[in-house]
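Let me begin by presenting the structure, written as structure tokens, before commenting on it.
In the UniProt record's numbering, the protein residues as written are 1 to 350.
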């Protein structure tokens with residue numbers, strides 16, 4: 001058995017950081033030796049997240065107080081733009097350290113695509129050569145060797161798991177793809193915001209980032225790579241008054257598949273050996289409640305009343321399969337552990 005890898009978590013006070021710890025402390029191959037949260041530096045984790053109080057975790061420190069020379073793997077849970085300079089320094093000064101980034105800074109395969117989407121040029125474009133896109137089920141071989149593993153956004157995770165096998169097989173067309181997505185409020189982060197106050201988010205469903213959401217180019221990048229052509233998707237996310245969970249409904253044209261049954265068969269074949277992807281039986285409607293708290297993705301396909309179209313629905317937990325659980329799954333692939341280690345728990349219900 002391998003000895004535990006010494007891990008640092010940057011951004012431990014965010015929701016994704018907290019879920020990474022919730023799952024990761026039970027991993028026999030992980031030992032968290034440094035946790036950072038600049039605004040909470042010096043505090044015990046229990047003062048920020050009481051539910052982690054008995055996990056035996058180190059106190060929070062500032063990023064600059066971590067000795068990365070003694071670290072095997074760095075998990076990043078920082079906002080976009082915050083990890084580029086720090087990750088560059090860690091990689092350049094510590095040749096053996098590997099980074100698993102749950103943020104957005106290394107998701108674009110071409111670093112030049114980052115600036116138009118996030119409003120500032122990427123300051124470490126040279127690192128893209130050692131980075132892998134971390135959608136585990138579709139990029140394992142690159143993940144195994146990459147210095148930086150860029151975990152996808154939560155919306156791209158659900159959308160791409162549902163659509164990539166279908167695009168690769170030609171079962172659906174890449175023309176006129178409409179993706180309607182809904183996520184719980186944890187997707188907006190933990191910092192106080194007016195639109196996520198209970199009085200404003202409760203009893204209300206709100207679209208946001210309409211026509212300009214940052215995850216659309218990421219989805220287009222991966223679908224275009226699979227299709228071998230440049231694609232455009234119509235993507236609209238919505239904020240739902242629940243803490244966690246994500247549902248993606250994709251309205252797409254058929255390609256070489258005759259109907260929803262044929263499309264479902266493509267998915268079943270593509271994911272037959274995947275531990276965390278379940279294709280529901282005909283007629284079963286995926287729900288966020290079916291995957292809550294787990295690393296699972298539940299997918300199904302339905303015939304549209306409009307001839308020549310189908311509706312593909314995928315449900316994930318945005319904090320687990322959409323972030324922290326996927327990060328641990330990638331850690332397992334990268335370091336040679338069984339892929340389900342520490343993330344095999346079944347969904348919570350009710």
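Think of the CB as a built atom: it goes at the ideal place given N, C-alpha and C, for glycine as much as any other residue.
What would DSSP say about residue i, mapped onto helix, strand or coil?
i           : result
residue 151 : coil
residue 133 : strand
residue 68  : helix
residue 110 : coil
residue 74  : strand
residue 43  : coil
residue 301 : strand
residue 9   : strand
residue 340 : coil
residue 26  : coil
residue 32  : strand
residue 19  : helix
residue 320 : helix
residue 182 : strand
residue 82  : coil
residue 279 : strand
residue 309 : strand
residue 172 : strand
residue 346 : coil
residue 87  : helix
residue 143 : helix
residue 99  : strand
residue 57  : coil
residue 314 : strand
For residue i and residue j, I'd like the C-alpha separation in whole angstroms.
i           : j           : result
residue 31  : residue 308 : 52 angstroms
residue 202 : residue 262 : 39 angstroms
residue 218 : residue 107 : 7 angstroms
residue 328 : residue 257 : 35 angstroms
residue 153 : residue 182 : 13 angstroms
residue 2   : residue 27  : 12 angstroms
residue 16  : residue 179 : 24 angstroms
residue 230 : residue 45  : 45 angstroms
residue 173 : residue 232 : 12 angstroms
residue 210 : residue 220 : 16 angstroms
residue 346 : residue 322 : 16 angstroms
residue 234 : residue 53  : 43 angstroms
residue 39  : residue 14  : 11 angstroms
residue 334 : residue 37  : 25 angstroms
residue 35  : residue 64  : 11 angstroms
residue 55  : residue 184 : 26 angstroms
residue 272 : residue 165 : 12 angstroms
residue 113 : residue 215 : 12 angstroms
By Cβ distance below 7 angstroms, which residues in the same chain neighbour residue i in space, the five residues on each side in sequence not counted?
i           : result
residue 130 : 146, 147, 148
residue 260 : 301, 302, 303, 310
residue 325 : 23, 295, 343
residue 157 : 135, 316, 321, 322, 326
residue 332 : 338, 339, 341
residue 275 : 339, 340
residue 175 : 253
residue 204 : 241
Using 6 angstroms as the cut-off, classify the Cβ of residue i as near or not near the heavy atoms of the ligand PLP, replying yes or no.
i           : result
residue 127 : Because no ligand of any kind appears in the structure shown, any question about the ligand PLP cannot be addressed here.
Check whether the Cβ atoms of residue i and residue j sit closer than 7 angstroms, and answer yes or no.
i           : j           : result
residue 8   : residue 71  : yes
residue 316 : residue 286 : no
residue 84  : residue 123 : yes
residue 330 : residue 136 : yes
residue 319 : residue 59  : no
residue 250 : residue 163 : yes
residue 41  : residue 12  : no
residue 186 : residue 244 : yes
residue 78  : residue 10  : yes
residue 170 : residue 224 : no
residue 25  : residue 159 : no
residue 76  : residue 161 : no
residue 252 : residue 177 : yes
Less than 6 angstroms between C-beta atoms, sequence neighbours within five positions excluded: which residues of the same chain meet that for residue i?
i           : result
residue 118 : 80
residue 121 : 115
residue 69  : 94
residue 104 : 80
residue 168 : 226
residue 125 : 111
Tell me which same chain residues have a C-beta within less than 8 angstroms of the C-beta of residue i, skipping the five on either side of it?
i           : result
residue 133 : 107, 109, 139, 142, 150, 152, 222
residue 264 : 279, 282, 300, 301
residue 349 : 289, 290, 292
residue 190 : 13, 14, 15
residue 354 : A query on residue 354 cannot be resolved here, the shown segment of the chain reaching from 1 to 350 and no further.
residue 266 : 165, 166, 169, 171, 257
Those runs of the beta strand (DSSP E) which lie wholly inside the region 242 to 277 and span at least 3 residues: Runs found: 246 to 253.
Continuous alpha helix (DSSP H) assignments of at least 4 residues falling wholly in the region 185 to 250: With a minimum length of 4 residues, the continuous alpha helix (DSSP H) runs that stay inside the region 185 to 250 are 198 to 201, 215 to 227.
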